[in-house]
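Enquirer: Structure below; questions to follow.
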Amino acid sequence: MSGPPKAPSHLRLVRGNPSKRPITKGTQAPPIRGGETPAFLSKNEQNWYKKIINQLIEREILTELDLKAVEMLVKAYSDYRAINSVLESDRIIQTVVTTTGDTHKKPSPFLGEAREARKELKSWLQEFGMTPASRSKVNVNEAETADPFAALLSQRED
Numbered sequence: 001m002s003g004p005p006k007a008p009s010h011l012r013l014v015r016g017n018p019s020k021r022p023i024t025k026g027t028q029a030p031p032i033r034g035g036e037t038p039a040f041l042s043k044n045e046q047n048w049y050k051k052i053i054n055q056l057i058e059r060e061i062l063t064e065l066d067l068k069a070v071e072m073l074v075k076a077y078s079d080y081r082a083i084n085s086v087l088e089s090d091r092i093i094q095t096v097v098t099t100t101g102d103t104h105k106k107p108s109p110f111l112g113e114a115r116e117a118r119k120e121l122k123s124w125l126q127e128f129g130m131t132p133a134s135r136s137k138v139n140v141n142e143a144e145t146a147d148p149f150a151a152l153l154s155q156r157e158d
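1 is the number of the first residue of the sequence shown in full-length UniProt numbering; add one for each residue after it.
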């Protein structure tokens, strides 16, 4: 199938429906109110999990079905941070000595790993509308604030 993958109904409701195609009823899972963090995550990963879950619940774009994807997002972020910490402690350009005694410089093999981890992390962030470009596609319903001037005018008309 050509084109971008079809967005889930709940995301289409949040982002808006510019194509005006009918949204299938009953496919939207109810939003969640919270939950326990998975036990297999490290302490640092659990903290990130809670933070991301709370941000997504606050924006009303997280459902029970999305929790595994959030776990994947947290794991991708953890991998990205681990690879970057190795790159910070090691040298990015390494000197390699060949069997003949010659030396030459080559980039660290962790540079490729960091690039792949960055791509994976970016794709997970885009799934949840957590990048500037993907966030611009999400319309969050904000509470309407009462306009005191409009209230005054409506009282005057009565």
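Where a beta carbon is used, it is the ideal one built from N, C-alpha and C, also for glycine.
1) Going by C-alpha to C-alpha distance, which of R59, E71, Q55, R21 sits closest to E45?
2) Within the continuous beta strand (DSSP E) that includes K106, where are the two ends?
3) Which complete beta strand (DSSP E) runs does the region 48 to 111 hold, if anything under 3 residues is left out?
4) Between which two residues does the alpha helix (DSSP H) harbouring P132 extend?
5) As a quick exercise: from I61, S78, L67, L62, pick the residue whose alpha carbon is nearest that of W48.
6) CA-CA distance, K122 and L41?
7) Consult DSSP for E113 and reduce its assignment to one of helix, strand or coil.
8) Taking the C-alpha atoms as reference points, what is the distance between A39 and P109?
9) Can you name, in chain order, every residue of its own chain whose Cβ lies under 8 Å from the Cβ of L111, other than the five neighbours on each side?
10) Ignore the nearest five residues each way along the sequence and tell me which others in E113's own chain have a CB closer than 8 Å to its CB.
11) Return yes when the Cβ of I53 is within less than 8 Å of the Cβ of L73, no when it is not.
Expert: Looking at the coordinates:
1) E71
2) 103 to 107
3) 93 to 97, 103 to 107
4) 132 to 135
5) S78
6) 20 Å
7) helix
8) 32 Å
9) L87, I92
10) I83
11) no
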